[in-house]
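**Q** Residue numbers (the numbering used here): 4 to 651.
Backbone N, C-alpha and C fix where the C-beta goes; we use that ideal spot for every residue, glycine too.
Being a predicted model, the structure only gives us computed values, none of them experimental.
What follows is a structure written as structure tokens; I'll ask about it next.
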RNA sequence: GCCGGCUUAGCUCAGUGGUAGAGCAGCGGUUUUGUAAACCGUUGGUCGGGGGUUCAAGUCCCUCAGCCGGCACCA
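As structure tokens, this is what we get:
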């Protein structure tokens with residue numbers, strides 16, 4: 004059969020040829036370098052017979068193939084890890100061990116009373132190293148289901164038994180599962196779909212990284228297994244670089260930067276709630292001001308609603324049933340009250356307190372509302388997951404005909420917002436879940452409206468089928484933190500349900516009462532989370548308009564303090580966040596301290612500046628940029644702040 | 001909430017079951033400084049809280065809390 008190579012060349016191979024044969028036919032160097040072969044987009048072991056039929060496009064996977072190649076040896080490393088664990092901890096039950104982004108993990112059920120921690124890694128790694136040095140081939144074997152079941156029952160590997168049983172049970176009727184594939188390396192046999200590299204020796208560098216708990220099958224009602232994370236590379240150097248990258252990323256952790264910049268801190272007396280120092284509060288308020296200004300330009304109107312509500316409101320909204328575990332509830336004068344975890348019920352109440360005409364719609368209510376959510380202790384994470392936060396929250400009440408335009412407006416607004424920060428965000432469209440309310444026709448219409456809005460703006464998005472809210476589909480905006488963890492920022496959700504529950508109406512042109520549709524939207528999400536993400540994105544070097552401290556005046560000697568104070572006052576008068584460093588310290592010291600605080604502008608003033616009415620401007624990281632008059636500097640920084648410039 | 005780890009001065013961290021330490025910060029003094037750390041001195045601790053073992057606990061055990069890494073959760 005003729006196969007097609009990536010460069011367009013044809014490769015003729017006899018019937019029954021394997022991937023290894025293909026690589027050898029191309030050249031001996033490639034034969035040595037080959038890890039696996041990709042046929043029509045499917046990666047296979049080199050030892051497997053090449054499929055006939057199909058287009059026959061083949062590509063040899065080598066170390067140079069990037070992620071696909073790394074995935075192979077990381078998966079290999081997971082097997083070697085399990086192999087080592089079975090030897091070191093008799094009675095351990097193994098479950099699954101896939102490659103993941105940047106590494107692999109393996110979930111194990113350790114024998115009763117046995118735990119492992121990072122101190123055990125050197126021993127385990129040494130055992131893994133021995134298996135890698137032994138150059139054990141990975142051998143695939145397809146065996147009948149009954150054989151595999153017998154094998155794992157005999158070994159007491161109940162998780163493997165369950166996996167096989169589920170494979171059989173979940174197979175489609177027209178393609179029943181009769182065999183499963185086992186991969187053997189050394190004495191170790193693992194139920195595995197593959198593919199794998201030819202031998203363990205292809206793992207050139209690896210490291211176990213952390214141990215964690217993980218529920219079997221991701222189900223919190225099932226047993227918690229022990230998960231070990233690790234990674235593997237084709238060279239020690241790449242591994243070291245990877246570990247250094249992780250180390251450097253920690254420098255951008257907002258939990259480190261926030262206190263360093265004097266922005267916020269946390270205290271045991273209120274876990275999951277930030278204490279905002281004045282400089283952090285200034286940053287927070289800049290963002291609120293931004294959403295207020297941008298909203299006003301786009302027809303949003305600001306409202307204020309209460310913090311604490313009678314349980315009847317939460318019963319009406321449905322939170323009392325579905326969300327009670329996540330609310331702070333209190334009681335007084337024999338009434339049950341709860342702090343609001345969301346703004347929408349309050350906004351619906353506000354809507355219902357006045358009559359509405361179709362002429363009022365769309366009504367775009369905005370409130371930077373303070374929320375409290377009783378988040379489980381294990382979920383808290385700096386500013387990114389808190390119990391107390393404020394959302395740039397809006398609820399748009401509109402007619403069905405207005406949905407399309409309103410959603411497009413929200414997305415454009417989101418786009419405009421994120422562009423200001425240079426953030427590269429991901430949009431995700433989540434469609435109808437299995438458990439839902441409303442007719443399919445309504446869902447068709449809602450999903451189409453969201454999709455059209457995304458496409459009309461040319462936004463790329465991922466589709467999350469079945470992940471919508473029970474009352475409507477949604478578009479979420481995601482971004483990753485310094486360590487690559489994904490967080491949801493903004494959201495735009497269509498909701499036919501809550502207006503119904505609250506009996507909201509408007510009088511149409513036909514003088515008949517109609518039900519408005521509601522769009523929940525938040526763009527930054529919570530200001531807390533947004534600030535956390537911004538800090539990590541900018542590594543603490545926020546744009547001037549957002550910087551907690553925008554400029555600092557550094558007198559060279561004490562005799563310049565009075566002049567410096569004058570400069571500071573001039574900047575204060577122009578609404579610039581500025582300090583005077585009049586400590587009895589050398590300029591070098593003052594500059595170093597200001598650099599560490601990442602202050603965008605340092606204004607050095609000495610004899611020369613004092614005589615000419617100037618300031619010596621030093622920019623964070625760029626260094627001395629020369630002297631200008633104080634007025635010229637104020638004009639420059641004010642301009643940067645006013646137009647919210649991303650860069651100096 | 002669950003699994004594992006961690007918690008010593010404001011911060012970063014040392015500290016064999018036997019007298020709690022260093023650097024930085026802070027404070028006091030000297031120096032008056034020209035673009036990333038002047039010099040000298042000095043304050044500062046219920047060793048996260050509580051309980052236990054022991055002649056003796058920062059160190060060992062139990063427990064609670066917070067934090068870190070994951071898992072589940074994120075309406």
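(1) With a CB to CB cut of under 7 Å and the five nearest residues on each side skipped, what residues in its chain are close to residue 367?
(2) When you compare only the Cα positions, how much space is there between residue 339 and residue 414?
(3) Would you check if the stretch 215-228 and the stretch 236-247 touch, i.e. whether three or more CB-CB distances between them fall below 8 Å?
(4) Consult DSSP for residue 29 and reduce its assignment to one of helix, strand or coil.
(5) Per DSSP, which one or two residues make a beta bridge with residue 216?
(6) Drop a sphere of 10 angstroms on the beta-carbon of residue 39, count the other beta-carbons inside from all chains shown, and report buried for 16 or more, exposed for fewer.
(7) Might you give, ordered along the chain, the residues of its own chain that have their beta carbon closer than 6 Å to the beta carbon of residue 20, omitting 5 neighbours on each side?
(8) Tell me whether the stretch 508-523 and the stretch 571-581 touch, counting them as touching only if at least three CB pairs, one residue from each stretch, are closer than 8 Å.
(9) Please classify residue 543 as buried or exposed, where buried requires at least 16 other C-beta atoms within 10 Å of its C-beta.
(10) Under 8 Å by Cβ, that's how I've got residue 306 and residue 244 pegged, so tell me the actual separation to the nearest angstrom.
(11) Mind reading off the beta-carbon distance from residue 410 to residue 453? Whole number of angstroms is fine, and I expect it under 8 Å.
(12) Looking only at its own chain, which residues have a Cβ that is under 7 Å from the Cβ of residue 323, when we skip the five neighbours before and after it?
(13) Report all residues from its chain with a CB closer than 8 Å to the CB of residue 118; omit the five preceding and five following residues, and keep chain order.
(14) In whole angstroms, what separates the C-alpha of residue 494 from that of residue 378?
(15) Can you give me the Cβ contacts of residue 34 inside the same chain, cut-off strictly under 6 Å, excluding the 5 residues immediately before and after it?
(16) DSSP puts residue 551 in a beta bridge; with which residues?
(17) My assumption, with CB atoms under 8 Å, is that residue 102 sits in contact with residue 82. Please give the rounded CB distance.
(18) If distances are taken between C-alpha atoms only, which option among 558, 568, 564 comes closest to residue 597?
(19) How is residue 498 classed by DSSP in three states: helix, strand or coil?
(20) I think residue 202 touches residue 140, with their Cβ atoms under 8 Å apart; what is that distance to the nearest whole Å?
(21) Please check the pair residue 180 and residue 174, which I expect to be a contact at CB under 8 Å, by giving their CB distance rounded to whole angstroms.
(22) Taking only heavy atoms of the ligand ZN into account, decide whether any of them is closer than 7 Å to the Cβ of residue 180.
(23) Quick one: grab the DSSP three-state call for residue 401.
(24) Please say whether residue 188 and residue 539 have beta carbons closer to each other than 8 Å?
(25) Give the range of the beta strand (DSSP E) segment to which residue 625 is assigned.
(26) Mind checking who residue 316 pairs with in its DSSP beta bridge?
(27) Is the beta carbon of residue 5 closer than 8 Å to that of residue 44?
(28) In three-state terms, what does DSSP make of residue 359?
(29) I need the boundaries of the beta strand (DSSP E) containing residue 339, first residue and last residue.
(30) On the DSSP letters alone, give me the boundaries of the beta strand (DSSP E) that residue 641 sits inside.
(31) Could you pull the start and end residues of the alpha helix (DSSP H) that residue 525 belongs to?
(32) Exposed or buried, which one is residue 272 when buried takes at least 16 other CB atoms within 10 Å?
(33) Run the CB neighbour count on residue 630, radius 10 Å, all protein chains shown included, and call it buried at 16 or more, exposed below.
(34) In three-state DSSP terms, what is residue 41?
(35) Answer with buried or exposed for residue 292, where buried requires no fewer than 16 other C-beta atoms within 10 angstroms of its C-beta.
(36) Determine which residues share a DSSP beta bridge with residue 467 and list them.
**A** According to the structure shown:
(1) 302, 303, 304, 397, 399
(2) 38 Å
(3) no
(4) helix
(5) 229
(6) buried
(7) 53
(8) no
(9) buried
(10) Not confirmed; about 52 Å, so no contact.
(11) 6 Å
(12) 314, 317
(13) 229
(14) 19 Å
(15) 26, 27
(16) Bridge partners of residue 551: none, in fact.
(17) Residue 102 to residue 82, Cβ: 11 Å. No contact.
(18) 558
(19) strand
(20) 5 Å
(21) 4 Å
(22) Among the components modelled here there is no ligand, and therefore nothing to report on the ligand ZN.
(23) strand
(24) no
(25) It is not in any beta strand (DSSP E) - residue 625 carries neither H nor E in the DSSP assignment.
(26) None; residue 316 has no bridge partner.
(27) no
(28) coil
(29) 338-342
(30) Segment 633-645 is the alpha helix (DSSP H) holding residue 641; no beta strand (DSSP E) there.
(31) Residue 525 -> not in any alpha helix (DSSP H); beta strand (DSSP E) instead, spanning 520-529.
(32) exposed
(33) buried
(34) strand
(35) exposed
(36) 433
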